[in-house]
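Asker: The structure's right below; bear with me while I get my questions together.
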Amino acid sequence: MCNYIKLSQEFCSTVTKNTYRIKQYINCCSKGIFYLITCTRCGKQYVGSTTRSLKERMREHINQIKNIKLSNKANVTRHFAECNKSNLKYLSIQGIEQIRLGTRGGDFLSKLRKREVFLVSITQTGHYCISKGSEKGNKAGKRY
Numbered sequence: 001m002c003n004y005i006k007l008s009q010e011f012c013s014t015v016t017k018n019t020y021r022i023k024q025y026i027n028c029c030s031k032g033i034f035y036l037i038t039c040t041r042c043g044k045q046y047v048g049s050t051t052r053s054l055k056e057r058m059r060e061h062i063n064q065i066k067n068i069k070l071s072n073k074a075n076v077t078r079h080f081a082e083c084n085k086s087n088l089k090y091l092s093i094q095g096i097e098q099i100r101l102g103t104r105g106g107d108f109l110s111k112l113r114k115r116e117v118f119l120v121s122i123t124q125t126g127h128y129c130i131s132k133g134s135e136k137g138n139k140a141g142k143r144y
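Mapping of the sequence shown onto full-length UniProt numbering: residues 1 to 144, in sequence order.
Below, the structure is given as structure tokens:
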């Protein structure tokens, strides 16, 4: 799984062309992560989040892409099937931010959701979509 994860100090939105610094060291074992999936064939992107390890979440995405007939055909899965016949060589995954609560704690999931909305906004990946110009809202899809 970790072979697909790109370690870097920055990430770039393929829509806005803006580059952002990654402030934490994030690897496949990191938890509470925002991640960016990029289709390197066409440049379309998806921002997601997970409370589990990045490796666990990526395993799910990869298994869905490889087994399209068995999956729920989430937007990422559908895109990789349609764009490049589920070929994983075009899959790039980056951990872009890690959420940590302060010493006083707080509502982790609420903080995660708010920050994800912000990251989707700055990358213009579109809520529930893998790229700009996708169906507006597509709320039938499950958010991961």
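The beta carbon of each residue, even a glycine, is placed where N, CA and C say it ideally should be.
Can you check which of these residues, Val47, Ala81 and Glu116, is closest to Cys12 by C-alpha distance?
Answerer: Val47
Asker: Nearest by alpha-carbon distance to Asp107: which of Thr51, Glu10 and Asn27 is it?
Answerer: Thr51
Asker: Provide the residue(s) that pair with Phe11 in DSSP beta bridges, ordered along the chain.
Answerer: Tyr20
Asker: Cβ atoms of Ser8 and Gln124: under 9 angstroms apart, would you say?
Answerer: no
Asker: Can you find the residues in the same chain that come closer than 7 angstroms, C-beta to C-beta, to Thr77, ignoring five residues on each side of it along the sequence?
Answerer: Gln64, Ile65, Ile68 and Ser71
Asker: Would a C-beta distance cut-off of 9 angstroms place Ser110 and Ile37 closer than the cut-off?
Answerer: No.
Asker: Taking the beta carbon of Gln45 as the centre, do at least 16 other beta carbons fall within 10 Å, making it buried, or is it exposed?
Answerer: buried
Asker: Tell me, to the nearest whole angstrom, how far the beta carbon of Tyr35 is from that of Ile122; I am working on the premise that it is less than 8 angstroms.
Answerer: About 15 angstroms separates the two Cβ atoms, so there is no contact after all.
Asker: Which partner residues of Gly95 appear in the DSSP bridge assignment?
Answerer: Tyr35
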